[in-house]
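S.K.: Have a look at the structure that comes next, please.
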Amino acid sequence: MSKVAVITGGASGIGQAAALRLAQEGVNIVVVDVDEESGNAAVEKIKEHGVDAIFIKADVSKKEDVKNYVDQTVEHFGTIDYFFNNAGISGSGGYFLDTEVEEIEKIVGINLLGALYGVRYVADVMVKNGGGAIVNTSSSAGVTGQDSVVTYSATKHALVGLTKSLVAEYAKDGLRVNAIAPGPTETKMVKEFYEANPKMKENATGGIPQKRLGTPEEVAELVTFLFTSNASYVNGEVIRIDGGFTNT
Ligand code: NAD
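Structure follows, in structure tokens:
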């Protein structure tokens, strides 16, 4: 029986690359995103790999939307085997004391509450059905402190705690939960962030030992490994994929 993956933020960047890569493995895909046009376009590309795929519009910071994407997935596919808890925003960048509190609320709402709501409803399905695998998208800013992204970094560190604590509670029920910590990766989010903060781009690429940004496809390989049975004894890990960025 084909596996079923739910991917939040699946309309673009790392989420879409993971969706396409998992589809190559025969996994059926649910793309969850606020961006309906890109989400539907992603579904068409995913289906070219011969799997079933659907788009569900949802704002992950709204708990009703999250409950709805989980219910709709179960209605369509019957279960959820893999959950790529990936939707996120960087915020506009800049110093914390210049940040509007509304922006703090927005970043926390999407990156942290959205991830918590997702796990709350998805893991419930997984545990009732005998288990599953979750990958949370943290960041290099979730394993090291970085200036100009204080709120973002706080939410991404929180996902590390979420990952490890879920393993403590639910590994016995067949859940595997890992996190990825990508460094700067060539996606829409990073392009827009560096356009608004050009100095950050110089600092980031200068500080990456491999002297280039990562690609969404490189990150998708790691995500696919973590979901497949080849990673059946990998649990509670936070895996950096950053060209050495956080190791220097
Ligand atoms: P991206 O902008 O290409 O994709 C993010 C997707 O999330 C978009 O399709 C967007 O519409 C969707 N999204 C945003 N807010 C949403 C919401 N409220 N509800 C549902 N969907 C929403 O960016 P990306 O770089 O692929 O980002 C994916 C994840 O990777 C994010 O969590 C990001 O923090 C993380 N990350 C990215 C990098 C990087 O350098 N690109 C590095 C580390 C971590």
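With our numbering, the residue at position 190 of the sequence shown is 225, and numbering never jumps. Beta carbons: idealized from backbone N, C-alpha and C, even for Gly.
1. Kindly list the residues whose CB is nearer than 8 angstroms to the CB of Asp277, restricted to its own chain and excluding five residues on each side of it in sequence; keep chain order.
2. Which residue marks the beginning of the alpha helix (DSSP H) containing Asn265, and which one marks its end?
3. To the nearest angstrom, report how far apart Thr240 and Ala52 are at their CA atoms.
4. Going by DSSP, what residue range makes up the beta strand (DSSP E) through Ile64?
5. So Asn282 is in the alpha helix (DSSP H); what residue range does that whole segment cover?
6. DSSP beta-bridge partners for Arg275?
7. Mind checking whether Asn121 and Gly50 have CB atoms under 7 angstroms apart?
8. CA-CA distance, Leu57 and Glu237?
9. Could you pull out every unbroken beta strand (DSSP E) segment of at least 3 residues lying fully inside the segment 179 to 258, listed in chain order?
10. Distance check for Ala206 and Ile274, CA to CA, integer angstroms please.
11. Do Val62 and Val41 have their CB atoms nearer than 7 angstroms?
12. Using a Cβ-Cβ cut-off of 6 angstroms (strictly less than) and excluding sequence neighbours within five positions of Lys102, which residues of its own chain qualify?
13. Applying the criterion that 16 or more other CB atoms from any shown protein chain within 10 Å of the CB defines a buried residue, is Phe131 buried or exposed?
14. Which word fits Ala77, buried or exposed, when buried means at least 16 other C-beta atoms lie within 10 angstroms of its C-beta?
15. Are Asp68 and Gly45 close, meaning C-beta to C-beta below 7 angstroms?
16. What are the start and end residues of the beta strand (DSSP E) that includes Tyr130?
17. With 16 as the cutoff for other CB atoms within 10 Å, does Asp208 come out buried or exposed?
18. Taking only the alpha-carbon atoms, compute the straight-line gap between Arg247 and Val254 and give it to the nearest angstrom.
19. When DSSP labels each residue in this structure, what does Gly177 get in the three-state scheme?
M.R.: Reading from the atomic positions:
1. In the sequence shown, residue 277 corresponds to position 242, counting from 1. Ser175, Ala216, Pro217, Gly218, Pro219, Ile243 and Gly249.
2. As a first step, residue 265 must be located in the sequence shown, where it is residue number 230. No alpha helix (DSSP H) contains Asn265, which DSSP labels as neither H nor E.
3. Translated into positions along the sequence shown, residue 240 becomes position 205. Translated into positions along the sequence shown, residue 52 becomes position 17. One C-alpha to the other measures close to 22 angstroms.
4. For the purposes of this step, residue 64 is taken as residue 29 along the sequence shown, with counting starting at 1. That run of the beta strand (DSSP E) goes Asn63 to Asp68.
5. One-based indexing of the sequence shown puts residue 282 at position 247. Per DSSP, Asn282 belongs to no alpha helix (DSSP H) and is neither H nor E.
6. As a working note, residue 275 is residue 240 in the sequence shown. Answer is Ala216.
7. Indexing the sequence shown from 1 puts residue 121 at position 86. Indexing the sequence shown from 1 puts residue 50 at position 15. The Cβ-Cβ distance between Asn121 and Gly50 falls below 7 angstroms.
8. Here residue 57 corresponds to residue number 22 of the sequence shown, with the count starting at 1. Here residue 237 corresponds to residue number 202 of the sequence shown, with the count starting at 1. A direct Cα-to-Cα measurement between Leu57 and Glu237 gives close to 33 angstroms.
9. 210 to 217
10. What you label residue 274 is simply residue 239 of the sequence shown in a count that begins at 1. What you label residue 206 is simply residue 171 of the sequence shown in a count that begins at 1. Per the coordinates, the alpha-carbon of Ile274 lies some 18 angstroms from the alpha-carbon of Ala206.
11. The count along the sequence shown starts at 1 and reaches residue 62 at position 27. The count along the sequence shown starts at 1 and reaches residue 41 at position 6. Not closer than 7 angstroms, so no.
12. By one-based count along the sequence shown, residue 102 stands at place 67. Excluding positions up to five away in sequence, the list reads Tyr156.
13. By 1-based counting over the sequence shown, the position of residue 131 is 96. With fewer than 16 other Cβ atoms within 10 Å, it is exposed.
14. In the sequence shown, counting from the first residue as 1, residue 77 sits at position 42. Buried, since its Cβ has 16 or more Cβ neighbours within 10 Å.
15. Position 33 of the sequence shown, counting from 1, holds the residue named residue 68. Position 10 of the sequence shown, counting from 1, holds the residue named residue 45. Yes, these two residues count as a Cβ contact at 7 angstroms.
16. As a first step, residue 130 is located in the sequence shown; it is residue number 95 there, counting from the start. It is not in any beta strand (DSSP E) - Tyr130 carries neither H nor E in the DSSP assignment.
17. Position 173 of the sequence shown holds residue 208. With fewer than 16 other Cβ atoms within 10 Å, it is exposed.
18. Taking the sequence shown and counting its residues from 1, the one referred to as residue 247 is at position 212. Taking the sequence shown and counting its residues from 1, the one referred to as residue 254 is at position 219. Their backbone Cα atoms lie some 14 angstroms apart in a straight line.
19. Position 142 of the sequence shown holds residue 177. Helix.
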